[in-house]
Amino acid sequence: MNIDEITTLLDKVQHKDPNIKITPTTAETVHFLDVAIMNDNGHLRTFIYHKPSADPYYLPYTSDHPHRIHRNIPYIGLLRAARFCSNLHDFHLERIRIELTLLLNNYAPKVVSNQFHRFFQMNKADILIKNFDKQAYNQLHERLLYSQTKQKSTILPSNTDPLINPPVLEQKPWDKSLMLVKYLFETGPNSTFTRRFYTWWEKHYKYPGSPANRINIRLIPQCNKTLQNYLIRKRPNNALLKGTDTATKS
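Count along the sequence shown from 1, then add 92; that gives the number in the working numbering.
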């Protein structure tokens, strides 16, 4: 494939998403969104691209969000690094960068360390906690790179047409044994709401012979909206984009 064919292909891809602008460039190192690609002596090497004019930002630990969100930030940071970085050295540099940034945002060292260990243990790569094992990292990188996230794998079955049956209108089965209760999460005294609610539920409804014994209560915290909710327009699902292309050609 020559340069003209590549440019034509990139121009076609650029019209799929109004949020993405592609500028064709020829160099030893190029970047697209937050991924950098380098020609390292004939071998393609990928790593995370950090825009020089943008300061790194992580959700401050003192912000008004449930603690589970703060716990997931170190894990998701390492997951992103392991998918993007094809080189073990680049991954460890990104790991150090994530750790320092979180500590500067008032994350407790124990929280960061525990979530880092959780990442390696859940992905069966404990050896990388202390050792520079390239083979183990290559296996981790390949496994995470080609694995779908839980959210994407449950969006649509493979035999479902997203144009005829949009996922938003899909009816989900009703689980009568599960009750989802939404509440507005706040820090301070109200942060103990979940513990007090479950204590109250156990005291007044979970007595022997109560019909409520068959119901599982799950509290869903609702956070105040941020600028991200108002300013960022999410890219449609790949299945929808492919369906749009098919409909346009026909």
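For each residue, glycine too, the CB sits at the ideal point set by N, CA and C. Note that this is a predicted model, so its numbers are computed, not measured.
- Counted as a single uninterrupted DSSP element, the beta strand (DSSP E) harbouring residue 135 occupies residues 135-140.
- The residue from 177, 311 and 120 with its alpha-carbon nearest to that of residue 236 is 177.
- Sequence-distant Cβ neighbours of residue 131 in its own chain, meaning closer than 7 Å and more than five residues away, are 120.
- For residue 124, the number of other beta carbons within 10 angstroms of its own is below 16, and it is reported as exposed.
- Under DSSP, residue 121 forms a beta bridge with 130.
- Beta-bridge analysis with DSSP links residue 309 to 271.
- In terms of CA proximity to residue 182, 224 leads the group 108, 224 and 133.
- Non-local C-beta neighbours of residue 289 in its own chain, meaning closer than 7 Å and more than five positions away in sequence, comprise 311, ordered along the chain.
- Residue pairing by DSSP leaves residue 170 without any beta bridge partner.
- The alpha carbon of residue 174 has as its nearest neighbour, out of 198, 196, 199 and 140, the alpha carbon of 140.
- In this structure, residue 229 lies near residue 180, with their beta-carbon atoms less than 9 Å apart.
- With at least 16 other beta carbons inside 10 angstroms of its own, residue 187 counts as buried.
- By the neighbour-count criterion, in which 16 or more other beta carbons inside 10 Å mark a residue as buried, residue 204 falls on the buried side.
- Here residue 116 is near residue 98, since their CB atoms are less than 9 Å apart.
- For residue 183, the enclosing alpha helix (DSSP H) has its first and last residue at 180-196.
- Assignment of residue 285 by DSSP, reduced to helix, strand and coil, places it in the helix class.
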